[in-house]
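Just so we're aligned, residue 16 is where the sequence shown starts under the numbering used here, counting upward by one. Idealized CB from N, CA, C, for every residue including glycine. Remarks on the structure that follows.
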Amino acid sequence: MLPPIDSSVLKNNPQFANLYKGLTELILNDDGSTKLHPQNPVAQERKAELNKHRLAATTEHLLIHALSTTSPDPIPISAEQELLFLSRNPPSRLRLPLTNPNLPSPFPSSYPLTVPRNPTSTPPLTIPTLPTIISSLTTSTLNLHSSILHSRLNTAEAVRDLLSQYSTAFTLLIKTLEAKHGPIARSLEFKAGETALLAQKVEKESELAVLGVRREVYTPEVKRALRECKEWLVGEQQGLRDKIRRGEEVLGGYEGEEKRGDAEKEKVMREIARVYGEMEREVDVVRRDLERLGLKGVSDSG
């Protein structure tokens, strides 16, 4: 029997498809036998050899079946032995169905006690059409097996086509949903993109406006004046630091003078407080000017 081939394999391999078609249609039968002329000597010789092997196998099978189903000849016994056997071993309920119903009461030895399953007098049965039946059954079995394989392949192809149709249906459904809801989603996406671009535009315009205001306010003359003011303020800050240091030195000189009167001490302390207050006010003015010019770090470091 030739094995079935999937149609997709034949489609993808044209040369093999031609070879398979030639074998199945021109050279071989469905059961794998050749389609050559029956009078071919080689074919006749092979057919005769095949029939010989079939006959030998059938004969062996019949002999085995006959030997396995044939019972041996019964042992001859006398009437006295039969009566003695039956008197000592009466038939049980399991043996009664096997007892010959035509058996008379005196139990003569001319009648068998039990009905043999396979009488030896019957010759072995012979069926002349048995080889033909076996051959036809074998051929039909092979044909049925081949048809089952072809049916399986056809079923697989049908399932594959069904899955392809399902895939096409899902694709069409997705396209339909995109055609129905796609414009709304794209419109929302475009609006969101437009809003983001407008926000970026406003941000850049505000940055440009700040740069324009700075350009208008901080002209070259103003920048030069601010630099000069910065230098003057830094110098003033340094001078104030020197004054503070000198005041601290003066205060240090008053710490050891304990013998002076209270009135003189009070006068000196008031003068020191006044000078210190003026210095603090000047320092605050300079610090505010520096902060206004963006020099907070310079003022804090003092």
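In this structure, the beta-carbon distance from L164 to P19 falls below 7 Å. With a cut-off of 8 Å on Cβ pairs, the region 237-252 is in contact with the region 284-304, counting three or more such pairs.
At the C-beta level, L168 and D21 come within 7 Å of one another.
Of the other Cβ atoms in all chains shown, fewer than 16 fall within 10 Å of the Cβ of R61; this residue is therefore exposed. By the neighbour-count criterion, in which 16 or more other beta carbons inside 10 Å mark a residue as buried, R302 falls on the buried side.
By DSSP's assignment, T74 forms no beta bridge with any residue. Residue pairing by DSSP puts L43 in a beta bridge opposite T49.
Using a Cβ-Cβ distance cut-off of 8 Å, the region 34-54 and the region 145-159 are in contact, since at least three pairs of beta carbons, one from each stretch, lie closer than that value. Between the alpha carbons of P198 and A207 lies a distance of about 14 Å. CA-to-CA, the gap between K195 and R201 works out to about 11 Å. The C-beta distance from M294 to I259 rounds to 6 Å, short enough to meet the 8 Å contact threshold. L213 counts as exposed, since fewer than 16 other C-beta atoms from the protein chains shown sit within 10 angstroms of its C-beta. Counting of Cβ neighbours within 10 angstroms places L305 among the buried residues, the total reaching 16 or more. Straight-line measurement puts the Cα of W247 at about 22 Å from the Cα of V290.
Secondary structure at D304: helix, using DSSP grouped into helix, strand and coil.
Where P198 is concerned, the enclosing alpha helix (DSSP H) starts and stops at L145 to V232.
Rounded to the nearest angstrom, the Cβ distance from P143 to T73 is 11 Å, too far for a contact under 8 Å. DSSP places N66 within a helical segment (H, G or I) once states are collapsed to three.
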